[in-house]
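Residues in the sequence shown are numbered consecutively from 1400, following the numbering used here.
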Amino acid sequence: MDCTPIFEPDFDMKAWLNAAFAAGAADEPEGLDDADTANRLLAKLQSYQQEVGALLEESWTSAIAAVPRAAREMASVKQEALLLQDQLRSVKSQLERVEQETSASMAKLVEADRLKSRLQRASAIGVCQRDRSLIKPDFVEIG
1400 MDCTPIFEPD FDMKAWLNAA FAAGAADEPE GLDDADTANR LLAKLQSYQQ EVGALLEESW
1460 TSAIAAVPRA AREMASVKQE ALLLQDQLRS VKSQLERVEQ ETSASMAKLV EADRLKSRLQ
1520 RASAIGVCQR DRSLIKPDFV EIG
């Protein structure tokens, strides 16, 4: 049985079935009725169908295997990049929240540092004035 006409664009199913049935009847031993011939043709067609199915499955499997590994990994990399982007947004929002919460404390620390510096300068000036008062110049008036 020739199945190649099935794949042609101008396939005529009736003509092909009649030709296959006539050829099958000629090849069969005498004494078989048309139902037996049709059953044998059906069994052959089912066998061809299974072969074609197996070939398609094999072709599909090899086509999937032929896809480069990098293309499959790109989806994974993209997913990881999106996850990392979300994590960075989360860290950024946490940093902004910490900055807002600590801005008042930082301002107080800056003011305390400024006061400390002023106190140190005032203390240094006080020490200088005290030292100056301890040193009394001995002036001798000439005159």
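For each residue, glycine too, the CB sits at the ideal point set by N, CA and C.
Assuming contact is defined by CB atoms lying nearer than 8 Å, are residue i and residue j in contact in what I supplied?
i: T1346; j: F1410; result: Residue 1346 is absent from the model: the chain starts at 1400 and stops at 1542.
i: P1404; j: W1415; result: yes
i: R1439; j: G1452; result: no
Can you name the start and end residues of the alpha helix (DSSP H) that residue i belongs to?
i: V1451; result: 1433–1465
May I ask you to report which of helix, strand or coil DSSP gives residue i?
i: E1407; result: coil
i: D1512; result: helix
i: D1426; result: helix
i: D1401; result: coil
i: I1524; result: helix
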